[in-house]
Structure formats: structure tokens, C-alpha cells
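Visitor:
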Amino acid sequence: MKKRLFILLLAAVTFPMLLLSSCSSDGPLPEILVVAERNTGKLYKVNPSTAAKTEIGTVTLNGDALQQLRGMVYNTNDKKLYASTTADGDGVVYTINPATLAATEFNTDPDDYWYGIADLLVTSDNQILGTLWYRNPEAAGLVQFNLSGEFIPQALFSIQDICCGMGMVFGENDAELMISTRDLKIYTSDFNGEVALLTTLVPDGFDATDASKLYIQNMVKFNNKIYAVVYDKLLDNTHLAEVDLAHDLLINLGSINQGNNNHFHALMSTSESIF
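In the working numbering, the protein residues as written are -10 to 264.
(1) Can you tell me whether DSSP reads R59 as helix, strand or coil?
(2) Less than 9 Å between the C-beta atoms of Y71 and I141, yes or no?
(3) Look at the Cβ atom of G46, then the Cβ atom of K31, and state whether they are nearer than 9 Å.
(4) Taking T74 as part of the beta strand (DSSP E), name the residues at either end of that continuous run.
(5) When the Cα atoms are used, what is the spatial distance from L131 to L145?
(6) Measure the Cβ-Cβ separation of G243 and L229 and say whether it is below 9 Å.
(7) Any idea if P266 is buried or exposed, counting beta-carbon neighbours within 10 angstroms, 16 or more meaning buried?
(8) In or out: E26 buried (at least 16 other Cβ within 10 Å) or exposed?
(9) Is it right to say D114 is buried, meaning 16 or more other beta carbons lie within 10 angstroms of its own, or is it exposed?
(10) Please report the straight-line C-alpha distance between Y265 and L109, rounded to a whole angstrom.
(11) Can you give the Cα-Cα distance for K139 and T49, rounded to whole angstroms?
(12) Could you give the uninterrupted runs of the beta strand (DSSP E) lying entirely in the segment 154 to 192, keeping only those of 3 residues or more?
(13) Please report the distance separating the alpha-carbon of T29 from that of N125.
(14) Less than 9 Å between the C-beta atoms of T74 and G52, yes or no?
(15) Could you compute how far the alpha carbon of E44 sits from the alpha carbon of K34?
(16) Nearest-angstrom Cα distance between N212 and T39?
(17) Quick check: the Cα distance between N282 and D193, rounded to an integer number of angstroms?
(18) In three-state terms, what does DSSP make of G194?
(19) Using the beta-carbon count (16 or more within 10 Å), is N249 buried or exposed?
(20) Using only CA atoms, which one of Y123, V218, M208 lies nearest to D100?
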């Protein structure tokens, strides 16, 4: 009788522990940083400390590699990736199935309203927001899409200084944006394009010390920090960097690539489990 009672007690203790162990191993994978290689359409996981990259796969359109990716974001509401392209990619916006990396046209800009779309965010009301350069008038601003692909010319920026890089990330709340531009300036903006200079960053750890040679092309919040993809025009390199607003620094974390005119864009954060 005592032996049977001991076995029952042991089972009562062991089974919940095994169950908890099983659940923890099947839990969601951690958030990761992802970039896209412009010339190949390949996506890479990027180490946030060293910028070392691990290939995830290749984005395809009708079986061919989709090139010229510029901005990218994962929408947790419909479980799709949204990706924009450069002017050389005709500024087309795509949705991407993260499981297969197959792309579908979302908005092809049939009336040629813009050139390329630099960076993307998902707004609190489930719209896709982008930074871009309009054709008429020739000016930088914001554009917004609903999930049917219809676009709303959101706004032109209230000053003309915003022109280069145009990485975008939310500021202190989901109604405030932070936009990067030339000379490592960071502006705040509302959704109507009213901007104000927030800070001018100082490069830290880059070979290029001239801020005019460095362009912040994408920004994303990750692990309570702001990360950026930075293009070094002087050496034709792409870097992963931290935007340290507390000290007004742009801190080089490592090179994603070295030269060869092969840029990396489309920095985003997402759960590794979507791929």
C-alpha cells in the first residue's frame, strides 16, 4: 500500500513538470532582426551585437528572385510581410507569405505618384504607412495604404530638408514618427507631415566621420533600442548601427557587407517563428 501511494505521489509531481517542460520548448521563438539583400532578394537574420548574418531564404515573385527591396514590416494582424521597393523596382509594394517567401503585388503605383518607398510601419489602426519621394510635386512625404492596397497620399513633409535615407520608426507613442535624413539628422513628424528637428547624431565607430557620407536607410525598435541600417557612401559599405538618442550617437555595431555595390535594406524585427 505504501509503495503504491509513493508511486502515485511521484507521478503527481513528475507529470506537471514534464508538461511544463514540453510547453516551454514549444513556446514562441524570440524576436529577431532581419535585413534584405537588394540585388538578390535574400533575407537574413542579423545578430544585433555583431551584424553577423544568417540566411533565411529568398523572396520570390512568380518563381523569380524579387530584387530592389527597400522597406519591410510584418503585420501581426493579417500575418503577412509588407515590402516596398526602390525607384529601380518601380516603387511597387508587395505582400509576402512568410512561410513560403512568395510575393504578391499589393500596389503597383499605376499612376506614377511616387518613386521608391523607403521604409514601412503598421499603424495602430492597421494601415501600412511609408516614407517616400513623390513625383508631383517633387517632394518627400508620407503615404498610407489600407489592407486592400488602396493608397491615401498622406502628406508632404512641412520642410524640404528631408530627402535622403528616410528611415522611419515610431517615437514616444504611436502618433509620433521619427524620420532620418541627410547629415544624420532625426526629425519628429506627425501623420500630417508636420516635422521638427529632434537631434543631429554624431557617428561613433565608423570609418567615415563625415556625417554627410552616412545615410540611415531603415530604423526599427528592438529590445528597447533603436537599430538602423546605415549606408556608408564613402566606402560603399552597409552597417548595422544603434541610434542612441540619449547621447546623440550613431554607434556602428558591425558591417553587414563590404562594398560591391550590394546594399542591404528592409530592416525589421519579427518573431523567428513566422519563417
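Backbone N, C-alpha and C define an ideal beta-carbon position, used for all residues, glycine too.
Guide: The relevant details are as follows:
(1) For this step, residue 59 is matched to residue 70 along the sequence shown. Of the three classes helix, strand and coil, the one that applies to R59 here is strand, per DSSP.
(2) For the purposes of this step, residue 71 is taken as the residue at position 82 of the sequence shown. For the purposes of this step, residue 141 is taken as the residue at position 152 of the sequence shown. In this structure, I141 does not lie closer than 9 Å to Y71 by Cβ.
(3) In the sequence shown, residue 46 corresponds to position 57, counting from 1. In the sequence shown, residue 31 corresponds to position 42, counting from 1. Yes. Within cutoff.
(4) On the sequence shown, position 85 is the one that residue 74 refers to. Per DSSP, T74 belongs to the beta strand (DSSP E) from 69 to 74.
(5) Within the sequence shown, the letter at position 142 stands for residue 131. Within the sequence shown, the letter at position 156 stands for residue 145. Taking the straight line joining both Cα atoms gives about 6 Å.
(6) Residue mapping note: residue 243 aligns to position 254 of the sequence shown, counting from 1. Residue mapping note: residue 229 aligns to position 240 of the sequence shown, counting from 1. Yes. Within cutoff.
(7) The chain is shown only over -10 to 264; residue 266 falls outside these bounds and no answer can be derived.
(8) Within the sequence shown, numbered from 1, the residue matching residue 26 stands at position 37. Buried.
(9) Numbered from its first residue, the sequence shown carries residue 114 at position 125. Result: exposed.
(10) An answer regarding residue 265 cannot be provided, because it is not within the stretch -10 to 264 covered by the chain.
(11) Taking the first residue of the sequence shown as position 1, residue 139 is located at position 150. Taking the first residue of the sequence shown as position 1, residue 49 is located at position 60. The sequence shown places Glu at residue 139, rather than the Lys named in the question. Using only the alpha carbons, I get a separation of about 23 Å.
(12) 157 to 159, 166 to 169, 174 to 178, 184 to 189
(13) By one-based count along the sequence shown, residue 29 stands at place 40. By one-based count along the sequence shown, residue 125 stands at place 136. Cα to Cα, the separation comes out at about 31 Å.
(14) Here the question's residue 74 lines up with position 85 in the sequence shown. Here the question's residue 52 lines up with position 63 in the sequence shown. Against a cut-off of 9 Å, the Cβ pair of G52 and T74 comes out as no contact.
(15) On the sequence shown, position 55 is the one that residue 44 refers to. On the sequence shown, position 45 is the one that residue 34 refers to. Cα to Cα, the separation comes out at about 6 Å.
(16) Here residue 212 refers to the residue found at position 223 of the sequence shown. Here residue 39 refers to the residue found at position 50 of the sequence shown. About 15 Å.
(17) Residue 282 lies beyond the range of the chain shown here (-10 to 264); nothing can be said about it.
(18) On the sequence shown, position 205 is the one that residue 194 refers to. Note: G194 maps to coil in three-state DSSP.
(19) Taking the sequence shown and counting its residues from 1, the one referred to as residue 249 is at position 260. Exposed.
(20) The residue given as residue 100 occupies position 111 in the sequence shown. Cα-wise, what sits closest to D100 is Y123.
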